[in-house]
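Positions 8 to 136 (this note's numbering) are the ones given, in order, by the sequence shown.
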Amino acid sequence: MKRTFSCGHIGKGQYCHACTAAEKSRQTEKLAREKAREKKQRAAEDDHVDLSMVTHLRAVQQQAREILRKVSAGEHPLALNGKPLRSCAGQVISVPVGRSYRLLFDAPTLRPLQLLSHEAYNHIADRRA
């Protein structure tokens, strides 16, 4: 015999299967979001430079992390289309990340310095000239 549950659904059984399935789906989605958030936080903790300025641009973050990984593996930034800044007497190497961002490295140590937008990079390059 069918009955009406407290949620308003009608069915047979001890509980509303529709509401239970919907709740299970919500819990699964919530768990997936939490795992993705934790994965992002772990990736951010492993970064050598602050990539928070491009959190909304996942492709730029991935490309910057790939460049950082290659440099830490021994590849020289000049092999990654990097160019020495003339205004810094070659002490800083700029590697393009996408179209609008630059990753700066210290030339003697190949230590990453910071990720800059192209506008901020131009401002720094002009200021040091």
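Note that CB positions come from ideal geometry on N, CA and C, so glycine has one too. Keep in mind it's a predicted model, so treat the numbers as computed, not measured.
- Rounded to the nearest whole angstrom, the CA to CA distance from residue 90 to residue 127 is 17 Å.
- Rounded to whole angstroms, the separation of the alpha carbons of residue 121 and residue 57 is 7 Å.
- When DSSP states are grouped into helix, strand and coil, residue 113 belongs to the strand group.
- Under DSSP, residue 124 shares a beta bridge with 108.
- Looking from the CA of residue 130, the closest CA among 64, 115 and 109 belongs to 109.
- The C-beta separation of residue 124 from residue 101 comes to about 12 Å, leaving the pair out of contact by the 8 Å criterion.
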